[in-house]
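Note that numbering that gives the first Met the number 0 gives residue 62 to position 63 of the sequence shown, counting from 1, and the numbers run on in steps of one. Ideal Cβ positions, reconstructed from N, Cα and C, are used throughout, including at glycine. Working notes, beginning with the structure itself.
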Amino acid sequence: MKLLRRRIAEGLRLVGLLQLADHLLLQMERVRHNRRNVAFQRVHPEFAFPPASLSYDAYNHTSAEAYFATGKVQAKFFGDIVARYFSECDISILDWGCGPGRVLRHMSSIPGVGRVTLFGADYNAESVAWCQQHLSAATVIHNQLQPPLLFNSASFDCVYAFSVL
């Protein structure tokens, strides 16, 4: 199946239709999740969900429920690890490749850890702008694909990356 998908993508790229195919898949995702996303937003009116294009680009779906739930699960996973090593300490954390903040938004408080200062970095300027506007608990910067990041050495107690490569 993966080989077939790769060959189809290569063929679409050769004839200049890959971008159009991607756009059509995004629109299908929007329609598929629209009813559930509206219901989720009604139950969680304070929850800012990224635009469908950013969600689809980063996670290959447009489900607000999945964005929220999987972000929370991954934040707990990382938070549990951090708590093992930084019990009762104030810490600074970087989410490298934060995208539209799926995990980052849930990391602002970690049980068993002192004050958490959050940072995010991503190469996608639109995701960074969205995070800067909607995730006030974190400082998010735009980075290039090549090093260095715009932080001083030893700026963070913890750096994590999830689903970046």
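Legend entry - Supposed close pair I140, V127 - CB separation, criterion 8 angstroms: Going by Cβ atoms, the distance from I140 to V127 rounds to 7 angstroms, so yes, they are a contact pair.
Inset, instruction - For R35, collect the residues of the same chain with a Cβ closer than 8 angstroms to its Cβ; drop the 5 residues on either side in sequence, then sort them by chain order. - result: S62, A63, E64, listed in sequence order.
Inset, instruction - For G70, I'd like the list of residues in its chain whose CB is within less than 6 angstroms of its CB, leaving aside the five on either flank, ordered along the chain. - result: Excluding residues within five positions, the ones whose Cβ falls inside 6 angstroms are R101, V102, H105.
Legend entry - G98 beta carbon less than 8 angstroms from that of A51: Not in contact: A51 and G98 (Cβ atoms no closer than 8 angstroms).
Inset, instruction - Would you kindly report the start and end of the unbroken alpha helix (DSSP H) that includes F77? - result: Boundaries of the alpha helix (DSSP H) harbouring F77: 63–84, taken from the DSSP string.
Inset, instruction - Could you tell me the distance, in whole angstroms, from the CA atom of L117 to the CA atom of L144? - result: Approximately 21 angstroms between the Cα atoms of the pair.
Inset, instruction - Please state whether DSSP places D89 in a helix, a strand or coil. - result: In the structure shown, D89 sits in coil (DSSP, three-state: anything other than H, G, I, E or B).
Inset, instruction - Take G78 as the anchor and find which of I109, C88, Q40, F67 has the nearest alpha-carbon. - result: Ranked by Cα distance from G78, the first of I109, C88, Q40, F67 is I109.
Inset, instruction - Would you decide whether Y84 is buried or exposed? Buried here means 16 or more other CB atoms lie within 10 Å of its CB. - result: Classification of Y84: exposed, given that the 10 Å Cβ count is below 16.
Inset, instruction - Tell me whether G119 sits in a helix, a strand or coil according to DSSP, three-state version. - result: Here G119 sits in strand by DSSP.
Legend entry - Counted within 10 angstroms of its Cβ, other Cβ atoms place A153 as buried (16 or more) or exposed: That one is exposed.
Legend entry - Run of the beta strand (DSSP E) containing C157, from where it starts to where it stops: First-last of the beta strand (DSSP E) with C157: 157–159.
Legend entry - Simplified DSSP state of A57, which is helix, strand or coil: A57 falls in the helix class under three-state DSSP.
Inset, instruction - Confirm, please, whether the CB-CB distance from G119 to A137 is below 8 angstroms. - result: With respect to G119, A137 sits close: the two C-beta atoms are nearer than 8 angstroms.
Legend entry - Residues near A82 by beta carbon distance below 7 angstroms, same chain, minus five either side: Excluding residues up to 5 positions away in sequence, I109, P110, G111, V112 lie with their Cβ nearer than 7 angstroms to the Cβ of A82 in the same chain.
Legend entry - Simplified DSSP assignment, three categories, for A137: Secondary structure of A137 (DSSP, three-state): strand.
Inset, instruction - Grab me the residues of E125's own chain with a C-beta within less than 7 angstroms of its C-beta, minus the 5 sequence neighbours each way, in chain order. - result: Cβ neighbours of E125 beyond the five flanking positions: L53.
Legend entry - Top-ranked residue by Cα proximity to A74, from V30, L16, R4, V115: Nearest in C-alpha terms to A74, of all of V30, L16, R4, V115, is V115.
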